[in-house]
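Engineer: In case it helps, the working numbering puts the sequence shown at residues 352 to 1232. Glycine is no exception: its CB is placed at the ideal position from the N, C-alpha and C atoms. Computed from a predicted structure; not experimentally measured.
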Amino acid sequence: MDKQLKLVIVEDVDTDAELLAWYLARGGLDCLIHRVQTEPDFISALHDIGPDLILSDFSLPQFDGLRALEIAAQQVPETPFLFVSGTIGEERAINALRRGATDYILKSNLSRLAAAVERALREAALKAGQRHSEQQLRSSEQQLRATVETSQDWIWETDVHGRFRYCSAAVATMLGYQPDALIGQDFRKYLDDDERVAATFLLPAEGQLHLTGAVARWRGADGQLRWLERNVVTILDESGQATGFRGADRDITLRRDQDLRLRRLTRTYRMLSSTSSAILRLRNRGELLDEVCRIAVQQGGYDRIMVSLIDPGTEILRPRAGAGTGSVPLHALAAVGVAERAMRQRAPAVFNDLTSERHTLAHTEVLLAHGYPAVAALPLLVDGTIIGVITLFSAQCNVFDEAEIGVLLELTANLGFALQYLEKDEAVHFLSYFDSLTGLAKRPLFCQRLTTRTAASVGRNFLVIAFDLQKLGAINDSFGRYVGDRLIEKVAARLKAACPDPECLAHLGGGTFAMVLDATGAAAANAGSEASAGDTGRLSQNVVSRLFVEPFEIDGEALRLAIRSGIALYPSDGDTADALVQNAEAALKAAREDSESYVLYGMVTQRPTTRSLALEARLAGALERGEFLLHYQPKISIASGAVEGFEALLRWQDSQDGLVPPSLFVPLLERSGAIVEVGEWVLLQAARDLRRWTASGSAHFRVAVNVSPLQLRRRDFVERVMRCIEPNKQPAGVDIEITESMLMQDIELSIGKLAELRAAGIGVAIDDFGTGYSSLRLLGRLPVNTLKIDRSFVQSMVDAPKNLTLVSTIVSLARAFGMQTVAEGVETAEQLQLLQQVGCDQAQGFLFARPAPSSEVPAVLARLSPQSPSRPRAAIAERPH
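What follows is the structure, given as structure tokens:
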């Protein structure tokens, strides 16, 4: 025994007690012995000493050993109890062992005392370990049972034939069945009739151990149908034979319904777009009605459609066109009276489930007999006058929700307008000059209006601004085309509300708009001074940009837009309408290519094209000549003030022009595709620099490298990154930064690649977060550990409370997803203090250090050390008390 043992000896003879101690010491046991002779002393010793073992004589004058055994069993039942007596007989010894004694030793044979004590202590320790394991097992079983019973998923177990052996309580909430009622029942009994044919796909096939994502429709106790998604594992016995199945089902009815509504709404918007095209293309009323009906069935997904027009002579609705499946004639469908109801109430008449007894439509037997349980009739209104009704029939219930009816009302408005003025050719004329989505002038009408303005603006200057909605393609890809269309509608509405003269606006297609702005007003906005071309361009951009400060709310999503503009000035950039519009678009193209927020047409014509070509030619060989270098900017912990990382920034030391700004050469690298090769060099160099600093004892941080969209799109992107940074050469410590727009280009493929990098220990950050369109659902799926807050929010949050709220929201969002936040562009102590208050993790900016070459990194670390006397006092805000 390695420790000193605490023993209580119940013995009234001094010499016997000393003999026991001698034999214990002789056996190598280090014992602290407390001897007692009376029952009160024995009870006190048990309480005060807490003995490891009890030795007791069998017969004592004051009380006997069996009484001592009884007391010990009550107070210290886990402590070994050994009798040491010269008077105990075999019968009494057996009786003592039955009552709980561990062993007995005769005083005439004390040579086995030490061995008996050691054995008793070992057995007690073994029993204690077993009790602890059993208690842990019971606790684990209780926790598992509680987890299963409180889980929202229905957890179950069946035998190999599919009969339930166990069901968790969640089935009562999910399907309305009590768990006990399902035991012994075949699960197929509760499937909807249509799903029983495919029931074999709801359990793993023979030889398979897992089944994931199986979906089926179940009938609940109340008769309602629910869609459940299940995951199953096969239960095997010791010989590997299947004995049953265990799985979990999750209710996905709501999610499935939402997906179906989204897909249906997308089809409906596609139908709306096609009908608008048909209105522009067709000039014959019959052809137009037939085409609208065909589009509604083929693209809209309706089973039947009927268009009825009011007969001017009789004021009676008469079917004029129709399409769809089914042999029932149009006049039979018209006799049901849905169209007449819509005409009378001058509003949509919608019946989503004619099988229900709660509807008020009479004569429904024709519709139900031909499989149309859902019907909607919408009046064709023009200036408050009803000219007809469109009636749509569906074989599915609950098709005509609020969003669907909203799109159909747009369709009826467009069609009603076209029908009203078709004979006079005014509808086609209108849609030729106006955009049906926004109601704004198209290019031809805008140029006509601009021609009138140029003739009346002799001696006065004005601007033509062509501007793009950035990331519109990403919005369409993420949320669906119908969200993009609604966004364009809302942008047009905001422009109309802000512009006193709607004739100064145009929609040039896609996400491109045009606006005419008075240059005199722009100059006046510049504190009354005469505005230069640059000032005019900046102020004009500000005028337009202010319209996009507030986000656009669409279906609960707050979409924040940025714009890029091209500006042409009359008359210096063109004295005709066509020239001004074309030159504004040319400037917009230059803004896109140069990643500028705006470009004046004068800047396009004055760009040193020859110099740019020469610069691009020299850039082609810059990598081979070793002209690229990396500058590093530190990232500071806001809580501790320590340097926790650096961002590697690419620089080009041109042999002729010296250090070239990244804004000039990076777009050229992107355009030529050379950014892939240069980007790999950046990864390699950053890894080498970090290893060199580590070897010198300077580095205890990570380095982040920006990745180009062209790199991310390559199939072998992950292999190239791993090859460059060689994470097996510890420490690697290189992370990557990407932008939201890069993710949106191919979100599923990007997630897969980034997940591989994260699994390899490489950090992933979203750069300029807040300027793109990541939804919460998407953000929760991204394998990202850092969000970098865009410098525009950081630098404006002192004077703009809304931007401070936005920064705080980003920090809270990152914390909710287990991510870190880095604020870019921190330049003042006040900005840093606000970032500390909202809980931002790291800061990066000129307040701490400008980007520096790799050779200066150790000096930067020394200067920014919390112990350095040269550390900037404003570098870290004082923590609030």
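Could you tell me which whole alpha helix (DSSP H) segments of length 4 or greater appear in the region 697-729?
Structural biologist: Counting whole runs of 4 or more residues, the region 697-729 contains the alpha helix (DSSP H) stretches 716-720.
Engineer: Got a sec? Which residues, its chain only, sit under 8 Å from G739 by beta carbon, not counting five neighbours each side?
Structural biologist: Residue mapping note: residue 739 aligns to position 388 of the sequence shown, counting from 1. For G739, where only same-chain residues beyond five positions count, the Cβ hits under 8 Å are V658, S659, L660, I661, L668, R671, P730, L731, G767, L770.
Engineer: At which residues does the alpha helix (DSSP H) containing E1021 begin and terminate?
Structural biologist: Looking up residue 1021 in the sequence shown gives position 670. Note, E1021: alpha helix (DSSP H), 1013-1023.
Engineer: Could you tell me the boundaries of the beta strand (DSSP E) in which T389 lies?
Structural biologist: Position 38 of the sequence shown, counting from 1, holds the residue named residue 389. Counting along the chain, T389 falls outside any beta strand (DSSP E), and DSSP gives it neither H nor E.
Engineer: Counting only runs of 3+ residues fully inside the region 836-875, write out the beta strand (DSSP E) ranges in chain order.
Structural biologist: DSSP runs (the beta strand (DSSP E)) wholly in the region 836-875: 856-860, 863-869.
Engineer: Tell whether a beta-carbon distance below 8 Å holds between F979 and W1032.
Structural biologist: The count along the sequence shown starts at 1 and reaches residue 979 at position 628. The count along the sequence shown starts at 1 and reaches residue 1032 at position 681. A contact, by the Cβ cut-off of 8 Å.
Engineer: Provide the residue(s) that pair with F414 in DSSP beta bridges, ordered along the chain.
Structural biologist: As a first step, residue 414 must be located in the sequence shown, where it is residue number 63. DSSP output for F414 lists no bridge partner at all.
Engineer: Using the C-alpha atoms, what's the distance from V648 back to R1238?
Structural biologist: No information on residue 1238 is available, as it lies outside the stretch 352 to 1232 that the chain covers here.
Engineer: Hey, quick one: how far does the alpha helix (DSSP H) through R606 stretch, first residue to last?
Structural biologist: Numbered from its first residue, the sequence shown carries residue 606 at position 255. That run of the alpha helix (DSSP H) goes 604-632.
Engineer: Apart from the five residues on each side of it in sequence, which residues of its chain come closer than 7 Å, Cβ to Cβ, to A1194?
Structural biologist: Locating residue 1194 in the sequence shown gives position 843, where the first residue counts as 1. Result list for A1194: I987, I989, A1174, V1177, L1183, L1186, in chain order.
Engineer: Do you know whose CA, among A1200, R443, V1189, lies nearest D1179's CA?
Structural biologist: Taking the sequence shown and counting its residues from 1, the one referred to as residue 1179 is at position 828. A small fix is needed here, since residue 1179 is Thr in this sequence, not Asp. Here the closest residue by C-alpha is A1200.
Engineer: Quick check on S491: buried or exposed, where buried means 16 or more other Cβ atoms within 10 Å of its Cβ?
Structural biologist: On the sequence shown, residue 491 is found 140 positions in, with the first residue counted as 1. Exposed is the call here.
Engineer: Using a 10 Å radius around the Cβ and a threshold of 16 neighbouring Cβ atoms, would you call E936 buried or exposed?
Structural biologist: In the sequence shown, counting from the first residue as 1, residue 936 sits at position 585. The residue is buried, with at least 16 neighbouring Cβ atoms inside 10 Å.
Engineer: Quick check: the region 784-804 against the region 897-917, are at least 3 beta-carbon pairs closer than 8 Å?
Structural biologist: Too few Cβ pairs lie closer than 8 Å, so no.
Engineer: What is the DSSP secondary structure of F432, reduced to helix, strand or coil?
Structural biologist: Working through the sequence shown from its first residue, we reach residue 432 at position 81. F432: strand per DSSP, three-state reduction.
Engineer: Residues in its own chain within less than 7 Å of L868 by CB, not counting five upstream and five downstream?
Structural biologist: On the sequence shown, position 517 is the one that residue 868 refers to. Excluding sequence neighbours, L868 sits near F813, L814, I816, S891, V894.
Engineer: Closer than 6 Å by C-beta to T1090: which residues in its own chain qualify, once you throw out the five before and the five after it? Chain order, please.
Structural biologist: On the sequence shown, residue 1090 is found 739 positions in, with the first residue counted as 1. Excluding residues within five positions, the ones whose Cβ falls inside 6 Å are D1118, D1119.
Engineer: Flag this pair as yes or no: are the beta carbons of R386 and A465 separated by less than 8 Å?
Structural biologist: Along the sequence shown, one-based indexing puts residue 386 at 35. Along the sequence shown, one-based indexing puts residue 465 at 114. Taking 8 Å as the Cβ cut-off, R386 and A465 do not qualify as a contacting pair.
Engineer: Which residue from E967, A928, R915 puts its Cα closest to that of S948?
Structural biologist: If you number the sequence shown from 1, residue 948 lands on position 597. The candidate whose alpha carbon is nearest that of S948 is R915.
Engineer: Please confirm whether G416 and V468 have their CB atoms less than 8 Å apart.
Structural biologist: Within the sequence shown, numbered from 1, the residue matching residue 416 stands at position 65. Within the sequence shown, numbered from 1, the residue matching residue 468 stands at position 117. Result no, Cβ atoms of G416 and V468 do not sit closer than 8 Å.
Engineer: Between the C-alpha atoms of H512 and V522, what's the straight-line distance to the nearest angstrom?
Structural biologist: Translated into positions along the sequence shown, residue 512 becomes position 161. Translated into positions along the sequence shown, residue 522 becomes position 171. In a straight line, the C-alpha of H512 is about 20 Å away from that of V522.
Engineer: Go ahead and label P724 buried or exposed: buried means 16 or more other beta carbons lie within 10 angstroms of its beta carbon, across all protein chains shown.
Structural biologist: Translated into positions along the sequence shown, residue 724 becomes position 373. With 16 or more Cβ atoms within 10 Å of its Cβ, P724 is classed as buried.
Engineer: Whether or not the region 613-633 and the region 831-843 are in contact is what I'm after, with contact meaning three or more pairs of Cβ atoms, one per stretch, closer than 8 Å; do they touch?
Structural biologist: With the cut-off at 8 Å, the region 831-843 and the region 613-633 touch.
Engineer: Who are the near neighbours of A1110 in its chain, counting only those whose CB is closer than 8 Å to its CB and skipping five residues on each side?
Structural biologist: Taking the sequence shown and counting its residues from 1, the one referred to as residue 1110 is at position 759. Taken in chain order, the list of residues that qualify is empty.
Engineer: Buried or exposed: which applies to Q609, given that a residue is buried once 16 or more other Cβ atoms fall within 10 Å of its Cβ?
Structural biologist: Taking the first residue of the sequence shown as position 1, residue 609 is located at position 258. When all chains shown are included, Q609 counts as exposed.
Engineer: Would you tell me roughly how many angstroms separate the C-alpha atoms of G1233 and L579, rounded to the nearest one?
Structural biologist: Residue numbering for the chain in the displayed model covers 352 to 1232; residue 1233 lies beyond these limits and cannot be assessed.
Engineer: Which residues does DSSP pair with V361 in a beta bridge?
Structural biologist: Looking up residue 361 in the sequence shown gives position 10. Bridge partners of V361: V387, S407.
Engineer: Please state the DSSP three-state secondary structure of L1130.
Structural biologist: Translated into positions along the sequence shown, residue 1130 becomes position 779. In this structure, L1130 counts as helix in the three-state DSSP scheme.
Engineer: With a cut-off of 8 Å on the beta carbons, I'd call R969 and D1005 a contact; round off their distance for me.
Structural biologist: In the sequence shown, counting from the first residue as 1, residue 969 sits at position 618. In the sequence shown, counting from the first residue as 1, residue 1005 sits at position 654. Correct: roughly 6 Å between the Cβ atoms.
Engineer: At least one CB of chain B closer than 8 Å to the CB of F979: is that the case?
Structural biologist: Among the chains in the structure shown there is no chain B, since it carries only a single protein chain.
Engineer: Do you know how far the Cα of V1208 is from the Cα of Q1007?
Structural biologist: Within the sequence shown, residue 1007 is the residue found at index 656, counting from 1. Within the sequence shown, residue 1208 is the residue found at index 857, counting from 1. Each residue's alpha carbon lies about 27 Å from the other.
Engineer: Roughly how many whole angstroms lie between the Cα atoms of A686 and L743?
Structural biologist: For this step, residue 686 is matched to residue 335 along the sequence shown. For this step, residue 743 is matched to residue 392 along the sequence shown. About 14 Å.
Engineer: Does DSSP classify L1198 as helix, strand or coil?
Structural biologist: Counted from its first residue, the sequence shown places residue 1198 at position 847. Coil at L1198, not helix or strand.
Engineer: Beta strand (DSSP E) containing H982: first to last residue?
Structural biologist: Taking the sequence shown and counting its residues from 1, the one referred to as residue 982 is at position 631. Start and end: 979-988.
Engineer: Measure the C-alpha to C-alpha separation of E840 and E755 and round it to an integer number of angstroms.
Structural biologist: Along the sequence shown, read from residue 1 onward, the residue named residue 840 stands at position 489. Along the sequence shown, read from residue 1 onward, the residue named residue 755 stands at position 404. Cα-Cα distance, rounded: 17 Å.
Engineer: Once you ignore the five residues that flank V1162 on each side, which residues in its own chain have a CB closer than 7 Å to its CB?
Structural biologist: In the sequence shown, counting from the first residue as 1, residue 1162 sits at position 811. If we look at V1162 and ignore the five residues flanking it on each side, its Cβ neighbours are T1172, V1189, G1190, C1191.
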